[in-house]
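Quick note on our numbering: the sequence shown kicks off at 597 and runs consecutively.
Think of the CB as a built atom: it goes at the ideal place given N, C-alpha and C, for glycine as much as any other residue.
This one's a predicted model, so the numbers in the text were calculated from it and none came from an experiment.
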Amino acid sequence: RNLTEYYNAVDTANMMQIFASSPIPYLIGVHGNLVPKLTELRVDVADAVVVDLDANTVTTEHDDLANLPEDVLNSLKKDLKSETLRMSMMKTGDAISMAFLKALVKLIGGYRDALKFRPGEPITFDPKAFVQSRSSQSTRAFLEGMLSLQIFMQVCLIAIDDTS
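Spelled out as structure tokens, the structure:
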């Protein structure tokens, strides 16, 4: 068998439309020449965070950056500097995803400290202990908002299952 038997041609415009309207978070690289095609196709990218490596900019329709705690935002900006990205693209190509992962770990990395173990009872997650585990008021405020996110609570439930 040769490689062409496994190759599926992808229509770039249709794939961009599918990815851009997906309700699932993902990271995808699109050449700058294709971005106007999204507008032409009337694809709603309002929830997208666009990282333009050529212009060294990050744009979003939401004011998400203003909501991030300052220390997390500063770390994220530092990790997304063009030189860091350039070096990564020549090596592993994962600088953007690693920068956001590092920011996420800074935000929720201590969630296991809020797991409560009582003999003879199921393990539970204590939201108040989770929020209070942070010294920064801006981080506490941000975490209060995160507690209402379904995906965050799923991470906690998986941690409880893994611990049990």
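Please list, in chain order, all residues of the same chain as residue i whose beta carbon is under 6 Å from its beta carbon, the five residues on each side excluded.
{"i": "F738", "result": "P665"}
{"i": "L743", "result": "P723"}
{"i": "Y602", "result": "Because the pLDDT of Y602 is 44, which lies under 50, any placement of that residue in the model is unreliable, and the number read from its coordinates should be weighed accordingly. Excluding residues within five positions, none has a Cβ falling inside 6 Å."}
{"i": "T680", "result": "A691"}
Terminal residues of the continuous alpha helix (DSSP H) containing residue i?
{"i": "D757", "result": "746–759"}
{"i": "T656", "result": "Premise fails: T656 lies in the beta strand (DSSP E), 653–656, not in any alpha helix (DSSP H)."}
{"i": "D660", "result": "660–663"}
{"i": "G741", "result": "733–742"}
{"i": "L634", "result": "631–636"}
Among the options, which residue has its Cα nearest to the Cα of residue i?
{"i": "A695", "options": "D675, R708, Y707", "result": "D675"}
{"i": "V546", "options": "R638, L630, L637, L661", "result": "The chain is shown only over 597 to 760; residue 546 falls outside these bounds and no answer can be derived."}
{"i": "R714", "options": "T759, K698, F748", "result": "T759"}
{"i": "L672", "options": "K687, D757, T653", "result": "T653"}
{"i": "D667", "options": "V701, P632, H658", "result": "V701"}
{"i": "T735", "options": "E717, I756, A699", "result": "A699"}
{"i": "A651", "options": "E717, H627, I756", "result": "H627"}
{"i": "D643", "options": "S732, E657, G716", "result": "E657"}
{"i": "Q733", "options": "T655, L703, R682, L637", "result": "L703"}
{"i": "A691", "options": "S731, L637, V647", "result": "V647"}
{"i": "F748", "options": "R730, G716, R708", "result": "R708"}
Short of 8 Å in beta carbon distance, which residues of its chain neighbour residue i, apart from the five on each side in sequence? Order them along the chain.
{"i": "K687", "result": "none"}
{"i": "I719", "result": "L711, K712, F713, I756, T759, S760"}
Considering only the beta carbon of each residue, do residue i and residue j sit closer than 7 Å?
{"i": "V727", "j": "E740", "result": "yes"}
{"i": "G706", "j": "S729", "result": "yes"}
Please work out which residues of its chain come closer than 7 Å, Cβ to Cβ, to residue i, disregarding the five sequence neighbours upstream and downstream, and give them in chain order.
{"i": "N663", "result": "F738"}
{"i": "F721", "result": "A710, L711, C752, I756"}
{"i": "E717", "result": "none"}
{"i": "L580", "result": "A query on residue 580 cannot be resolved here, the shown segment of the chain reaching from 597 to 760 and no further."}
Could you give the residue range of the beta strand (DSSP E) that holds residue i?
{"i": "D648", "result": "645–648"}
Taking the runs of the alpha helix (DSSP H) that are 4 residues or longer, which of them lie wholly in the region 671–720? 678–686, 691–704
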